[in-house]
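The block underneath contains the structure these notes are about, expressed in structure tokens.
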Amino acid sequence: MKVESKNKRRFGAFLLSGLLLCLAVPGLRAQEVLDFGFYGGTNVAKLDERFFDYDNRWGGQVGLDWKVGNKWCQGDFALGYLNMGSKYVINTSVGDGSSGEVQQQRYNYKGVGHYIDIPASLALGWWDIDDSGFGFALSGGAYMSVGVAGNIDVEGEFRNLNAGGNVYDSFSKEYSEKYFGDKPYQYKRLDAGWTVGARLGIGEVFRIAVSYRQGLTNLSNLEGYEVKNKAFILSLVFVVSGD
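Here is the structure:
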């Protein structure tokens, strides 16, 4: 936890110092940039865990977006809704040593967490929408997300086989639990980490933004066990006010 806190402070200091440079240097302020708009898009997310390989899960996000700074250096900020989670399948067998019967078990796990998301990045590039109609910037920064709702859904499929290997019974069960909570299989609500990305602007209205994020916060409730979010995000920004 001490290492995570130290990394978060470093990202915060980097972002703050960069924004102050963008806004404070007189020569840079000569070409001001201000974009405000709405964004929506999709993401490919998974839980990052040392001993288990989760499958990718598609999600989405919508929200408010604004960019402030100058032609060469801007601050990118957003406030929105984001859903992330994971999915995986577990196959196992339970045997009866006396009769030779076996039960084959298959568990399909799907977890979805709904977050209020607040990313903030420092962007460097060439943003010249007013004159040339073109803008391109690379960014790096930090994000914080707070989980507000979500579910863990598990579908269990069971097949009973006799000693000869023939199926004589099969059935399924469904289980559901809240995604966030204090139980061992639930996750913590607060997430934070670093993010890098790029943004392309052509014309006054639309921007295309891509980013990758890696969580630094351990979401697991199990002591000594680490689970973190990571995702690739693609968004379309619709600008309603820009300079």
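If you number the sequence shown the way the numbering used here does, the last residue is 1235 and the count never jumps. Cβ coordinates follow ideal geometry from the N, Cα and C atoms, glycine included. Quick caveat, the model's predicted, so the values are computed rather than measured.
Query raised in the report: Would you say Asp1109 and Tyr1073 are within 8 Å of each other, going by their C-beta atoms?
Result: In the sequence shown, residue 1109 corresponds to position 117, counting from 1. In the sequence shown, residue 1073 corresponds to position 81, counting from 1. At a Cβ-Cβ threshold of 8 Å, Asp1109 and Tyr1073 count as neighbours.
Report task. Go ahead and label Arg1205 buried or exposed: buried means 16 or more other beta carbons lie within 10 angstroms of its beta carbon, across all protein chains shown. Result -> Sequence index remark: in the sequence shown, residue 1205 carries index 213 (1-based). With a 10 Å radius around the Cβ and a threshold of 16 neighbouring Cβ atoms, Arg1205 comes out buried.
Requested in this report: Just mark Lys1038 as buried or exposed, buried being the case when its beta carbon has 16 or more other beta carbons within 10 Å.
Outcome: As a first step, residue 1038 must be located in the sequence shown, where it is residue number 46. Buried.
Requested in this report: Just tell me which of Gly1051, Ser1212, Arg1042 has its CA closest to the CA of Gln1178.
Outcome: Along the sequence shown, one-based indexing puts residue 1178 at 186. Considering only Gly1051, Ser1212, Arg1042, the residue with the shortest C-alpha distance to Gln1178 is Ser1212.
Query - From Phe1028, Phe1224, Asp1088, residue whose alpha carbon lies closest to that of Asn1154 - result: Sequence index remark: in the sequence shown, residue 1154 carries index 162 (1-based). Nearest option by C-alpha distance: Asp1088.
Query raised in the report: Tell me which same chain residues have a C-beta within less than 7 Å of the C-beta of Phe1163, skipping the five on either side of it?
Result: Here residue 1163 refers to the residue found at position 171 of the sequence shown. Counting only Cβ-Cβ distances below 7 Å, and skipping sequence neighbours, we find Phe1150.
Report task. Could you please give the first and the last residue of the uninterrupted beta strand (DSSP E) stretch that includes Pro1111? Result -> Against the sequence shown, residue 1111 aligns to sequence position 119. For Pro1111, the uninterrupted beta strand (DSSP E) segment begins and ends at 1094 to 1120.
Query raised in the report: By DSSP, does Arg1049 sit in helix, in strand, or in coil?
Result: Numbered from its first residue, the sequence shown carries residue 1049 at position 57. DSSP places Arg1049 in the strand class (E or B) of the three-state scheme.
**Report entry** For Gly1087, the residue or residues it bridges with in DSSP
**Finding:** Working through the sequence shown from its first residue, we reach residue 1087 at position 95. Answer by DSSP bridge pairing, in chain order: Val1094.
Query - Residues bridged to Lys1165 [DSSP beta-bridge criterion] - result: By 1-based counting over the sequence shown, the position of residue 1165 is 173. Gly1148, per the DSSP bridge assignment.
Report task. Measure the C-alpha to C-alpha separation of Gly1052 and Phe1224 and round it to an integer number of angstroms. Result -> Position 60 of the sequence shown holds residue 1052. Position 232 of the sequence shown holds residue 1224. Between the alpha carbons of Gly1052 and Phe1224 lies a gap of roughly 11 Å.
Requested in this report: Please work out which residues of its chain come closer than 6 Å, Cβ to Cβ, to Asp1161, disregarding the five sequence neighbours upstream and downstream, and give them in chain order.
Outcome: Locating residue 1161 in the sequence shown gives position 169, where the first residue counts as 1. Excluding residues within five positions, the ones whose Cβ falls inside 6 Å are Asn1152.
**Report entry** Given Tyr1107 as reference, the closest of Leu1071, Gly1125, Tyr1167 once Cα atoms are compared
**Finding:** Taking the sequence shown and counting its residues from 1, one reaches residue 1107 at position 115. Closest by alpha carbon: Leu1071.
Query - Contacting residues, own chain, Cβ-Cβ under 8 Å from Ala1184 (five flanking each side not counted) - result: Here residue 1184 refers to the residue found at position 192 when the sequence shown is read from its first residue. These residues qualify, in order along the chain: Lys1000, Ala1134, Tyr1135, Met1136, Ser1137, Gly1207, Leu1208, Thr1209.
Query raised in the report: Is the beta carbon of Val1197 less than 8 Å from the beta carbon of Phe1028?
Result: Here the question's residue 1197 lines up with position 205 in the sequence shown. Here the question's residue 1028 lines up with position 36 in the sequence shown. Inclusion of Val1197 and Phe1028 in the CB contact set at 8 Å is not warranted, their separation being larger than that value.
Report task. Measure the beta-carbon distance from Arg1199 to Ser1131 and round it to whole angstroms, keeping in mind my assumption that it falls under 8 Å. Result -> What you label residue 1199 is simply residue 207 of the sequence shown in a count that begins at 1. What you label residue 1131 is simply residue 139 of the sequence shown in a count that begins at 1. Incorrect: roughly 12 Å between the Cβ atoms, too far for contact.
Query raised in the report: How about Tyr1031 and Gly1055: are their beta carbons less than 8 Å apart?
Result: Translated into positions along the sequence shown, residue 1031 becomes position 39. Translated into positions along the sequence shown, residue 1055 becomes position 63. Yes, they are a contact pair.
Query - Beta-carbon proximity of Tyr1101 to Val1146, cut-off 8 Å - result: If you number the sequence shown from 1, residue 1101 lands on position 109. If you number the sequence shown from 1, residue 1146 lands on position 154. In contact: Tyr1101 and Val1146 (Cβ atoms closer than 8 Å).
**Report entry** Same chain only: Cβ atoms within 6 Å of Lys1220, ignoring 5 sequence neighbours per side
**Finding:** For the purposes of this step, residue 1220 is identified with residue 228 of the sequence shown, where counting begins at 1. Asp1040, Gly1207.
Query - Bridge-paired residues (DSSP) for Tyr1135 - result: Residue 1135 sits at position 143 when you count from the first residue of the sequence shown. DSSP lists Pro1111, Gly1185 as the bridge partner or partners of Tyr1135.
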